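Take the sequence shown: its position 91, counted from the start at 1, is 696 in the working numbering, and no numbers get skipped. Don't be surprised by glycine CBs; every beta carbon is placed ideally from N, CA and C. Note that this is a predicted model, so its numbers are computed, not measured. Worksheet: the structure to be examined is printed underneath.
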Amino acid sequence: MTQPLASADPARVIAIARSWLGTPYHDQASLRGVGCDCLGLARGIWREIVGLEPFPIPPYSRDWGETGPREVLAEGARRMMIEVSPAEASPGALVLFRMKPRAIAKHVGILTGPDSFLHAYERLGVIEEPLTQSWRRRIAFAFLFPQR
């Protein structure tokens, strides 16, 4: 029987995430201080917390309004992270946002407090901002980083 994954220290996840603040937005990139998109931010945090990425990320569309039967981003996260219900997500959790109703979840953020999160946003780069009701209601999935 395999042991359940232990989750990484949330304070460490948040500290690493905050080290990316100010990184410019760059589609499909993942280099702290140089450029990243929201998934690239999560990938960079993964590399510091866990190590090498377990599989290559194929090119992906920027269309937040995509619909379809498969939650590709959530399926990928389930392969490597610890899923929790969005209601149980606490600081240090990676959250996936559904940007439009009935669209697939395509935006990624890291909860940094009970009412704040950090993400890479087009034209703004990596920022930390309040987790308003507008953002909170878009959370579709939540995951914890595993401990190395």
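Is the Cβ of residue 617 closer than 8 angstroms to any Cβ of chain D? This model lacks chain D altogether; it includes just one protein chain.
Thinking just about the alpha-carbon of each residue, which of 631, 714, 660 is nearest to the one in residue 695? Answer by Cα proximity: 714.
Three-state class that DSSP yields for residue 732 in the structure shown: In this structure, residue 732 counts as strand in the three-state DSSP scheme.
Shortest alpha-carbon distance to residue 697 belongs to which of 618, 611, 679, 676? Looking only at 618, 611, 679, 676, the smallest Cα-Cα distance to residue 697 is reached by 618.
The beta strand (DSSP E) with residue 714 in it runs from where to where? Note, residue 714: beta strand (DSSP E), 712 to 718.
How many Å lie between residue 616 and residue 752 at the Cα? Taken atom to atom, the span from the alpha-carbon of residue 616 to that of residue 752 is near 12 angstroms.
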